[in-house]
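Undergrad: Taken in order, these protein sequences are the chains called A and B.
When you read off a place in the first sequence, starting at 1, and then add 56, the result is the number in my numbering.
When you read off a place in the second sequence, starting at 1, and then add 1483, the result is the number in my numbering.
Before I ask anything, let me first share the structure, which is written out below as structure tokens.
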Amino acid sequence: MRAASRISPIDWVRANLFNSWLNGALTVVLVAFLAWLLPKLYAWAVTDAVFAPDSNACRTADGACWGFLVEKLRLIMFGTYPYTEQWRPLATVILLLTLIGFTMNPRLWSRWLWISWLVGVLVMWILMNGGVFGLPEVETDRWGGLPLTLILAVNGIVFSFPLAILLALGRRSDMPAIKAICIAFIELVRGVPLITVLFMASLMIPLFLPEGITIDKLLRAQIAFILFAAAYEAEVVRGGLQAIPKGQFEAADALGLSYWQKTGFIILPQALRVVIPPMVNTFIGFFKDTSLVIIIGMFDLLGATRLASSDPVWRPYYVEGLVFVALIYFAFCFTMAEYSRWVERRLNTATR
Amino acid sequence: MTDLTLRTPGTKPKRARRGFYDRDVQAIFWQVVVLALVIGLGAYLVRNTMINLETRHIHTGYGYLGRESGFDIGESLIPYSAANTYGRALLVGFLNTLHVAVIGVALATILGVFVGIGSLSKNWLLAKITAGYIHFLRNVPVLLQIILWYSLIINERFLPGPRQAEPFFGMYLTQRGFYFPVPVAHQGWFAGLVGLAVGVLAAWAVGRWAKRRQELTGVPFPAFWTGAFLIVALPVLAWAAFGAPTDLHMPQLMGFNIGGGGRITPEFVAVLFGLTVYTSAFIGEIVRAGILSVPKGQIEAARALGLREGVILRKITLPQALRVIIPPLTSQYLNLTKNSSLSVAIGYPDLVNVANTEINQTGQAIEGISIIMIVYLSISLATAALMNWYNKKKQLVER
Chain A
57 MRAASRISPI
67 DWVRANLFNS
77 WLNGALTVVL
87 VAFLAWLLPK
97 LYAWAVTDAV
107 FAPDSNACRT
117 ADGACWGFLV
127 EKLRLIMFGT
137 YPYTEQWRPL
147 ATVILLLTLI
157 GFTMNPRLWS
167 RWLWISWLVG
177 VLVMWILMNG
187 GVFGLPEVET
197 DRWGGLPLTL
207 ILAVNGIVFS
217 FPLAILLALG
227 RRSDMPAIKA
237 ICIAFIELVR
247 GVPLITVLFM
257 ASLMIPLFLP
267 EGITIDKLLR
277 AQIAFILFAA
287 AYEAEVVRGG
297 LQAIPKGQFE
307 AADALGLSYW
317 QKTGFIILPQ
327 ALRVVIPPMV
337 NTFIGFFKDT
347 SLVIIIGMFD
357 LLGATRLASS
367 DPVWRPYYVE
377 GLVFVALIYF
387 AFCFTMAEYS
397 RWVERRLNTA
407 TR
Chain B
1484 MTDLTLRTPG
1494 TKPKRARRGF
1504 YDRDVQAIFW
1514 QVVVLALVIG
1524 LGAYLVRNTM
1534 INLETRHIHT
1544 GYGYLGRESG
1554 FDIGESLIPY
1564 SAANTYGRAL
1574 LVGFLNTLHV
1584 AVIGVALATI
1594 LGVFVGIGSL
1604 SKNWLLAKIT
1614 AGYIHFLRNV
1624 PVLLQIILWY
1634 SLIINERFLP
1644 GPRQAEPFFG
1654 MYLTQRGFYF
1664 PVPVAHQGWF
1674 AGLVGLAVGV
1684 LAAWAVGRWA
1694 KRRQELTGVP
1704 FPAFWTGAFL
1714 IVALPVLAWA
1724 AFGAPTDLHM
1734 PQLMGFNIGG
1744 GGRITPEFVA
1754 VLFGLTVYTS
1764 AFIGEIVRAG
1774 ILSVPKGQIE
1784 AARALGLREG
1794 VILRKITLPQ
1804 ALRVIIPPLT
1814 SQYLNLTKNS
1824 SLSVAIGYPD
1834 LVNVANTEIN
1844 QTGQAIEGIS
1854 IIMIVYLSIS
1864 LATAALMNWY
1874 NKKKQLVER
């Protein structure tokens, strides 16, 4: 607003849209393109669209059929979780988002946060799985939709992180055998597509286990995600370790600290602080990657949308469902990305 | 330590007693423990697997690759039918992976460079649009994007069926794919291709010669325009000299479908679009960061020397930006190649899709997955090796 009082709109347009012949031409082309695209998009998404869950109206309409979402919203959000029990996944999602919200505020980083996570995870498990306190038991293969996506992502991040730190430390270790094992694991996992790791989990883990022991599909996928995420996070942590000046290691050695004292009290606190922004980027990538469970036949947000559109009446409106799910993913990932930038700025001012 | 420094002269230094808490002893101890655990776990898993395979009557080994596959593949770059072997089917899948990955890398690079430069533009509108493009596409899973493209293409609400499609300069864009005219085989086209190859080689030679001459004598030579002329003119001349053929196979409606000419399947288009658009957003961000990483003083100094803007971009900004851009760019190329495995979700027959079909048919899960892993690992390691070589070369130039 203050800028506007000093610079007139015409000056602004001249400086930002027509500051050279090339830019002027570019502006004209872009405005023409937007003038062609936006009304079409608006007509499709709003004026010609059907908002009521009426498949007959959708078939005759020219625009989008948002009625598909109205009709199938609960299937998309919660998958095949028993209809009458769907308040439980809803409560889980709310609890999880609250915990994540608290965790994102650095002022609340304390022991209490760990405890509330532990309690929270227990409560969420009871809510989702049931079987106690009069809640009917719901098998994990009926879990689906947004809760499944969030559970896969959050558990994957929480459990892969310690593993990633160990792998990163191992990779920088003086011990050749440990170093070799860590390098082999990291490079092997990073060198192959995630889908092969998921195939391994769904097809090969059953072969690895002794007869009579089975692990359910969700846990198998979760293990695959944890191992996969750990390899990528380990490389980020390694970047942080490499950024620590040599003097810090030498000073810790001079004080006579043991390896774990040195690592735990001197090196890691500094290294992890440096890598928060790239780590959040890795988390974002990982959150998006959870959508791959659709390929091994699970009903996460994306899988549940496909399930919803397998209803013959609503089959043509898969596109609308995908657009909706894309916006949900975008909302989560964009929030995380903005958070990472905010932390980065905060860290920069703190070190100055 | 003290007993070593204070020893009386003439006596042999006493070897320090190596207790359990000695560093080297600890190191060896822990390595032995970890190795034993890893090997033990590995042996346990192998033993279980052997027992499981036996009870399920699955024969291990890659012998099945020589057997007849019995399934068809939608599109292939080499001749293939259901009578061919499983091994050949995998080769078809591998070539399809390379096909979509190579084209995807090229297109994503072009698009990404435009987006990256656009986001730094002084034009407010362009900067905002490209920033929105980058933000939105980076934050939506690539699998979702591929499926979205695919369901847009095969949906009759957005694209016409083959019978309703109107030709556009002989091309048809339908929900069954994209149809286009292809030249009828003629030696003129072949001559044109040879001309193109010769033109590229000649342009490269001219560029090298011009650079060396300028370094020796300081006399510049318009190598870019000469090269561009050679690359365009030589193929055209060769094509014209061998009879200037213009006959085309035109796609036509035949019954319920379109035949003749060339066809790109909806699956290929969806995978290609999905990978290209997603990766271009990341490349855009990398290009942007790379250009921003060049210190402003470099450009100001170049201006003070009186260099023209184009020369500054080519000789000052780009070489320095590229040093920052190339390493993350390579990892984006690798990501694109690995993400092409998501084709399995929409039925484009890439390596993973074909291998998955074979696993379902034969039950040879271990063999199938190991083949996919070995192929992708080889690609990754080869790229990493290339990257190291490039980095070394760049460092030599720097110093």
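C-beta: ideal position from N, C-alpha, C; glycine also.
1. Using DSSP with H/G/I as helix, E/B as strand and the rest coil, what is B:Gly-1742?
2. Mind reading off the beta-carbon distance from B:Trp-1763 to B:Gly-1595? Whole number of angstroms is fine, and I expect it under 8 Å.
3. In chain B, which residues lie less than 9 Å from A:Glu-267 when you measure between Cβ atoms?
4. What residues in the stretch 1623–1648 of chain B bring their beta carbon closer than 9 Å to a beta carbon of chain A?
5. Cβ of A:Val-375 less than 9 Å from any chain B Cβ?
6. Report all residues from its chain with a CB closer than 8 Å to the CB of B:Leu-1817; omit the five preceding and five following residues, and keep chain order.
7. Would you tell me roughly how many angstroms separate the C-alpha atoms of A:Met-256 and A:Ala-280, rounded to the nearest one?
8. Looking at C-alpha atoms only, which residue of A:Leu-324, A:Phe-380, A:Tyr-315, A:Arg-115 is the closest neighbour of A:Asp-230?
9. Does any C-beta atom of chain A lie closer than 9 Å to the C-beta of B:Ile-1607?
10. Determine which residues share a DSSP beta bridge with B:Thr-1657 and list them.
11. So what does DSSP say about A:Leu-223, is it helix, strand or coil?
12. Out of B:Gly-1549, B:Ile-1714, B:Asn-1579, point me to the one whose CA is closest to B:Leu-1560's CA.
13. For the alpha helix (DSSP H) containing B:Leu-1736, list its first residue and its last residue.
14. Alpha carbons only, please: which of B:Ile-1769, B:Leu-1609, B:Leu-1834 is nearest the one belonging to B:Ile-1808?
15. Do B:Gly-1678 and B:Thr-1657 have their C-beta atoms closer together than 9 Å?
16. Measuring alpha carbon to alpha carbon, tell me which residue in B:Ile-1629, B:Ser-1776, B:Val-1683, B:Tyr-1545 is nearest A:Val-375.
17. I need the boundaries of the alpha helix (DSSP H) containing A:Gln-142, first residue and last residue.
18. My parser needs the beta strand (DSSP E) runs of 3 or more residues fully inside the stretch 139–184 of chain A; what are they?
19. Is the CB of A:Glu-243 under 9 Å away from at least one CB in chain B?
20. Starting from B:His-1732, follow its DSSP beta bridges and name the residues at the other end.
21. For A:Ser-347, which residues in the same chain have their Cβ closer than 6 Å to its Cβ, ignoring the five residues on either side in sequence?
22. Have a look at A:Ala-233 and A:Leu-222 and give me their C-alpha separation to the nearest angstrom.
23. Could you give the residue range of the alpha helix (DSSP H) that holds A:Cys-114?
24. With 9 Å set as the bound, which would you pick, yes or no: does the beta-carbon of B:Ala-1828 sit closer than that to a beta-carbon of chain A?
25. Can you confirm whether A:Arg-228, when its beta carbon is compared against all beta carbons of chain B, has any partner nearer than 9 Å?
26. Is A:Ile-332 near A:Glu-400, with beta carbons less than 9 Å apart?
27. Report the neighbours of B:Met-1870 on chain A: residues whose CB is nearer than 8 Å to its CB, in chain order.
28. Assign B:Ile-1612 to one of three DSSP states: helix, strand, or coil.
29. Assuming B:Thr-1820 is part of the alpha helix (DSSP H), what are its boundary residues?
30. Against chain B, does A:Pro-145 count as a neighbour if the rule is that its beta carbon must be under 9 Å from one of theirs?
31. In the structure shown, what three-state DSSP assignment does B:Ile-1747 receive?
32. Do A:Trp-92 and A:Asp-118 count as a contact pair if the criterion is CB distance below 9 Å?
33. Should the stretch 113–133 of chain A be called in touch with the stretch 368–382 of chain A, which here means at least 3 C-beta pairs below 8 Å?
34. Looking only at its chain, what residues have a beta carbon closer than 6 Å to the beta carbon of B:Ser-1814, apart from the 5 residues adjacent to it on each side?
35. Answer with buried or exposed for A:Gln-278, where buried requires no fewer than 16 other C-beta atoms within 10 angstroms of its C-beta.
36. With DSSP run on the structure shown, which of helix, strand or coil describes B:Thr-1568?
TA: According to the data block:
1. Here B:Gly-1742 sits in strand by DSSP.
2. Inspection of the sequence shows that residue 1763 of chain B is occupied by Ser rather than by Trp. Rounded to whole angstroms, the Cβ separation of B:Ser-1763 and B:Gly-1595 is 4 Å, and the two are in contact under 8 Å.
3. Chain B residues near A:Glu-267: Asn-1531, Ile-1534, Asn-1535, Thr-1538.
4. For the stretch 1623–1648 of chain B, which is checked against every Cβ of chain A, the residues closer than 9 Å are Val-1623, Pro-1624, Val-1625, Leu-1626, Leu-1627, Gln-1628, Ile-1630, Leu-1631, Ser-1634, Leu-1635, Asn-1638, Glu-1639, Arg-1640, Phe-1641.
5. A:Val-375 counts as touching chain B.
6. Exclusion of the five residues before and after B:Leu-1817 leaves Ile-1862, Ser-1863, Thr-1866 as the residues of its chain whose Cβ lies within less than 8 Å of its Cβ.
7. A:Ala-280 has its alpha-carbon roughly 8 Å from the corresponding atom of A:Met-256.
8. The residue with the shortest Cα to Cα distance from A:Asp-230 is A:Tyr-315.
9. Per the sequence presented here, residue 1607 of chain B reads as Trp, with Ile not at that position. True, the Cβ-Cβ gap to chain A drops below 9 Å.
10. Beta-bridge pairing links B:Thr-1657 to B:Gly-1660.
11. Helix at A:Leu-223.
12. Checking every option, the nearest Cα to that of B:Leu-1560 belongs to B:Asn-1579.
13. According to the DSSP assignment, B:Leu-1736 belongs to no alpha helix (DSSP H) but to the beta strand (DSSP E) extending over 1735–1737.
14. When C-alpha distances from B:Ile-1808 are compared across B:Ile-1769, B:Leu-1609, B:Leu-1834, the shortest belongs to B:Ile-1769.
15. Between B:Gly-1678 and B:Thr-1657, the CB-CB gap reaches or exceeds 9 Å.
16. With respect to the C-alpha of A:Val-375, the residue from B:Ile-1629, B:Ser-1776, B:Val-1683, B:Tyr-1545 having the closest C-alpha is B:Ile-1629.
17. For A:Gln-142, there is no enclosing alpha helix (DSSP H), since its DSSP letter is neither H nor E.
18. Correct list: empty.
19. Using a CB distance cut-off of 9 Å, A:Glu-243 counts as an interface residue toward chain B.
20. Paired residues: B:Val-1665.
21. In its chain, beyond the 5 residues on either side, Leu-358 have a beta carbon closer than 6 Å to the beta carbon of A:Ser-347.
22. CA-to-CA, the gap between A:Ala-233 and A:Leu-222 works out to about 14 Å.
23. It spans 111–116 - the alpha helix (DSSP H) in which A:Cys-114 sits, taken as one unbroken run.
24. At a cut-off of 9 Å between beta carbons, B:Ala-1828 contacts chain A.
25. The beta carbon of A:Arg-228 sits no closer than 9 Å to any beta carbon of chain B.
26. Closer than 9 Å, so yes.
27. Simply none; closest approach about 13 Å.
28. Correct three-state label for B:Ile-1612: helix.
29. 1801–1822 is the extent of the alpha helix (DSSP H) around B:Thr-1820.
30. Not an interface residue.
31. Here B:Ile-1747 sits in strand by DSSP.
32. The answer is no: Cβ separation not under 9 Å.
33. The answer is yes - the stretch 368–382 of chain A touches the stretch 113–133 of chain A, with three or more Cβ pairs under 8 Å.
34. Once the five neighbours on either side are set aside, B:Ser-1814 has no close Cβ partner at all.
35. A residue is called buried when at least 16 other Cβ atoms come within 10 angstroms of its Cβ; A:Gln-278 meets this threshold and is buried.
36. Residue state, collapsed to three classes: strand.
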